[in-house]
Amino acid sequence: MSLGGIKYHPPPYCIVCTEKIMEGDFAMKGIIEVRARHWFLAFTGLLLVGTIAINREIAPASAADSFTVAENGARVIIIDPGHGGFDGGAVGVNGTIEKDVNLAVSLKLRDMLNDAGFSVVMTRDSDRALNDSEDTSVRRKKISDMRNRLNLTRLYPGSVLISIHQNKLAGSSSVRGAQIFYSPNEAGSKELAQFIQTECNAKLQPEKPREIVKTGKNLYLFYHAQNTAVLCECGFLSNQEEEALLSTDEYQYKVAYCIFSGLLRWNESKSTE
Ligand SMILES: [Zn+2]
């Protein structure tokens, strides 16, 4: 299957996140002001710059590359839209279902990365859960989904895993903002998380920046993943205003672009080391 001229690898299975993402440091709150026209212009310009930069940097591939290089010479990024199918994830105050926002942001990020020459693997690209078919209980479905997601990352050693989720904090309607978590197993994960967080802080929440957080044992995938792995909590569905923003195409593009540009900047920093 070809998407935008870039080889696309259909995943052998899809995984549904089974664990509620740690809520992290909620001390930081942000007020987001959306300026659609300004954003569109900034997005277009930065995308062009980023695309040129990555195309210039991407060839020829060498052993020093931080990404797995696919047969077509492109680099492999695994995008994991959290939840899906029977597992909706968090539900917003006005009914927004996390799995839908996760997928929408992930597909936008996929398109940006494909355009920039990366080879992208999606754990899912539709609203479905690809747990083991013999599982019938929700619990067993979630366990096999999680195991399969980890197995997928092992098919692409040296790749980069970017998992997309939305946050929720019970009892609070004011906490908001994007926050990036990282796996402790590989040094690049923390570096990448910081690059993405910096982009989010600058473009989404300049008044109340957040800090990256290391994942713990409670996050199975990130505890066991051996590749570069970050978890992007794009915002809080428990915040009515942020829930509304996250439901729009425009803001989803904005979030996806923060992740995209953070990845580009991180990759560029690796290539100049
Ligand atoms: Zn989630």
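Under my numbering, think of the first position of the sequence shown as 18, with each following residue one higher.
All C-beta atoms, glycine included, are put in the ideal place defined by N, C-alpha and C.
Check: So is D97 buried or exposed if we call it buried at 16+ other beta carbons inside 10 Å?
Finding: Numbered from its first residue, the sequence shown carries residue 97 at position 80. Classified as buried, D97 has 16 or more neighbouring CB atoms from the shown chains inside 10 Å of its CB.
Next item on the list: Quick one: using the 10 Å Cβ neighbour count with 16 as the cut-off for buried, is A242 buried or exposed?
Entry: Indexing the sequence shown from 1 puts residue 242 at position 225. Burial call: buried.
Notebook entry, point to check: Of all the options R282, Q257, F277, S286, which has the alpha carbon lying nearest to the alpha carbon of N131?
Noted result: Along the sequence shown, one-based indexing puts residue 131 at 114. Cα-wise, what sits closest to N131 is F277.
Margin query: Taking the beta carbon of D266 as the centre, do at least 16 other beta carbons fall within 10 Å, making it buried, or is it exposed?
Written below: Translated into the one-based positions of the sequence shown, residue 266 becomes position 249. D266 should be labelled exposed.
Next item on the list: Tell me whether the beta-carbon of L263 lies closer than 8 Å to the beta-carbon of T153.
Entry: By one-based count along the sequence shown, residue 263 stands at place 246. By one-based count along the sequence shown, residue 153 stands at place 136. Contact check for L263 against T153 fails: the beta carbons are separated by 8 Å or more.
Check: DSSP state of G252, grouped into three classes?
Finding: Translated into the one-based positions of the sequence shown, residue 252 becomes position 235. The three-state reading of DSSP puts G252 in strand, counting E and B together.
Item checked: Own chain residues within Cβ distance below 6 Å of E258, not counting five before or after -> Indexing the sequence shown from 1 puts residue 258 at position 241. The answer is none, since no qualifying residue turns up.
Notebook entry, point to check: Can you tell which of Q214, F135, Q196, V122 has the C-alpha that lies nearest to the C-alpha of I94?
Noted result: The sequence position of residue 94 within the sequence shown is 77, counting from 1. Looking only at Q214, F135, Q196, V122, the smallest Cα-Cα distance to I94 is reached by F135.
Notebook entry, point to check: Is any heavy atom in ligand 1 found nearer than 7 Å to the beta carbon of G101?
Noted result: Translated into the one-based positions of the sequence shown, residue 101 becomes position 84. Judged by the Cβ position, G101 fails to qualify as a neighbour of ligand 1 at the 7 Å threshold, every heavy atom of the ligand being at least this far.
Notebook entry, point to check: The beta strand (DSSP E) spanning V138 covers which residue range?
Noted result: Start at 1 with the first residue of the sequence shown, and residue 138 comes out as number 121. Start and end: 135-139.
Notebook entry, point to check: With which residues is L178 paired in a DSSP beta bridge?
Noted result: What you label residue 178 is simply residue 161 of the sequence shown in a count that begins at 1. Bridge partners of L178: I95, A246.
Margin query: Tell me whether A107, by its Cβ, gets closer than 7 Å to a heavy atom of ligand 1.
Written below: Here residue 107 refers to the residue found at position 90 when the sequence shown is read from its first residue. Yes.
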